[in-house]
Each structure stands twice: as structure tokens, then as C-alpha cells.
Amino acid sequence: TVIKDSKGFTLIEMAIVLIIIGIIIGAVVKGKDIIRSADQKKIYSKFFNEWRLVYVNYYDRSGRILGDISSPPDNQADGTDCVNLNDHTPVSGQPYYGITQIGLTAPTTNSSDTCTYRYTNSEGGAQDIAVTFNHGADNNTSGNYNYMQISNIPLELALAIDRMVDGQADGAIGDFIRVNATGALQPWIQSGEKPTDITSEVRWKMQF
Numbered sequence: 025t026v027i028k029d030s031k032g033f034t035l036i037e038m039a040i041v042l043i044i045i046g047i048i049i050g051a052v053v054k055g056k057d058i059i060r061s062a063d064q065k066k067i068y069s070k071f072f073n074e075w076r077l078v079y080v081n082y083y084d085r086s087g088r089i090l091g092d093i094s095s096p097p098d099n100q101a102d103g104t105d106c107v108n109l110n111d112h113t114p115v116s117g118q119p120y121y122g123i124t125q126i127g128l129t130a131p132t133t134n135s136s137d138t139c140t141y142r143y144t145n146s147e148g149g150a151q152d153i154a155v156t157f158n159h160g161a162d163n164n165t166s167g168n169y170n171y172m173q174i175s176n177i178p179l180e181l182a183l184a185i186d187r188m189v190d191g192q193a194d195g196a197i198g199d200f201i202r203v204n205a206t207g208a209l210q211p212w213i214q215s216g217e218k219p220t221d222i223t224s225e226v227r228w229k230m231q232f
């Protein structure tokens, strides 16, 4: 039996294989990015923006600010537990009504709580993002304002939502902002932070 000389891959063949592998990996990564972007847009339209519309429609129908439990009302959201935004919680001296009492419906989410939305970050971790409505000030604004208070949101999602709301992702300009404990506005990514880290306090300023 004659054994023929076996030859390995030439450099050109190896280069072609590596290029093909690179293209496949790039396509997979790009596909994941497209899916994540679509998910972020869905969270904006189906959760954050739907709650904003509930806030606006609540005022149109009731003449009150959603979350204002003061008696008499003072047109300031009070950080009411979001569960109580849905239904009236009977409290003596507080003529407060939830959205169901005036014919509104809370947004449909992917969790059992209409006030939370479960988001899977780029590292595969799950976070339950929560909203309610509150009022306050920051170092760049004169006087208090009402805002959607967003808790447990990772930086990567906050950046994406800021682009959708304000057209740029800076955290310190516009209506979608990051506020620290002293009221100072901050850029989204601080030194030592990574995209999947949870932000301090995120606010979406309401128009009234």
C-alpha cells in the first residue's frame, strides 16, 4: 500500500475559514443586539409610555394628579405605592381614587404586577423594573415637578430609553434623567460602573 503525502490547510485556506467563523460570530452578536434593541423599544412603548398615558388620561378625567393623595389635593404626586394607583385604598380623609375607578386600565406587563416589568439584561440577569409617580426637585430645576419614578433599572436600558425620550443619552439633559441623593444630575455611566449595573434614581418628568 502506498501512503500518499497528506497536506494540511494552506495559509489561504485557514484565513478563509477564520473569516467565515468571524462572519458567523458577528452575525450572532448582531442578531442579539437587534433582539435586545427590539425588547428595549417594547418596554418603552408597552410599559413606560403606557404609564405616562395613564397619568395624562387620569388628569383629563379626574382633574387630579395620579398619585396625589393629599386632602385637599395639591397637584403633587406623593410617591404612592403603585399598587394603590390601580385601586382606591380607603383612608379616612383622603378622597383618592385609583385608575380603575375612573375607567382606565393599567398597562399589561410580563409580570403579575402591572407596576413592574421584568427585563433580561445583556449578561442574562433578570431585573424587575418598577414605576410609581412622585414629585421633587433637582439641582438644575427651579421648583418641584411631578415625575415617573423608575426603580431597579439597569444602565443599559436607561440609556436606550433616554434616547427614545430625549433623542440623546446623557442622563442630565431633558426629561429622562438620573438624579443622585443630593439632587445632582449625573451622566448614565459613572467611573467603575458597567451597563448592567442598577442606577440610583431615574426620573421621567411629566408635563404637569
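Using the numbering used here, the first residue of the sequence shown is number 25, and each one after it goes up by one. Backbone N, C-alpha and C define an ideal beta-carbon position, used for all residues, glycine too.
Three or more beta-carbon pairs separated by less than 8 Å are not found between the segment 161 to 169 and the segment 75 to 85, which leaves the two stretches without contact.
Classified as exposed, Ala51 has fewer than 16 neighbouring CB atoms from the shown chains inside 10 Å of its CB. Within its own chain, the residues whose Cβ lies closer than 7 Å to the Cβ of Tyr68, once the five positions on either side in sequence are excluded, are Ile185, Met188, listed in chain order. By the criterion of at least three beta-carbon pairs nearer than 8 Å, the segment 202 to 220 is in contact with the segment 143 to 150.
DSSP, read as helix, strand or coil, puts Met230 in coil. Residue pairing by DSSP places Val203 opposite Leu209, Glu225 in a beta bridge. DSSP places Arg76 in the helix class (H, G or I) of the three-state scheme.
Beta-carbon to beta-carbon, Trp228 and Tyr171 are separated by about 6 Å, close enough to satisfy the 8 Å threshold. DSSP places Ile153 within a strand segment (E or B) once states are collapsed to three. For Met230 and Leu209, the gap between their C-alpha atoms comes out near 17 Å. For Ile58 and Ile177, the gap between their C-alpha atoms comes out near 20 Å.
Note on geometry: alpha-carbon atoms of Leu183 and Tyr143 lie some 14 Å from one another. Residues of the same chain with a CB within less than 6 Å of the CB of Ser135, apart from the 5 flanking positions on each side, are Arg142 in chain order. If you draw a 10 Å sphere on the C-beta of Phe33, you find fewer than 16 other C-beta atoms in it, and that means exposed.
Contiguous alpha helix (DSSP H) elements confined to the segment 76 to 112 occur at 107 to 110, taking only those with 4 or more residues.
DSSP, read as helix, strand or coil, puts Ile177 in coil.
For Thr34, there is no enclosing beta strand (DSSP E), as DSSP marks it with neither H nor E. Straight through space, the alpha carbons of Ile36 and Val203 are spaced by roughly 55 Å.
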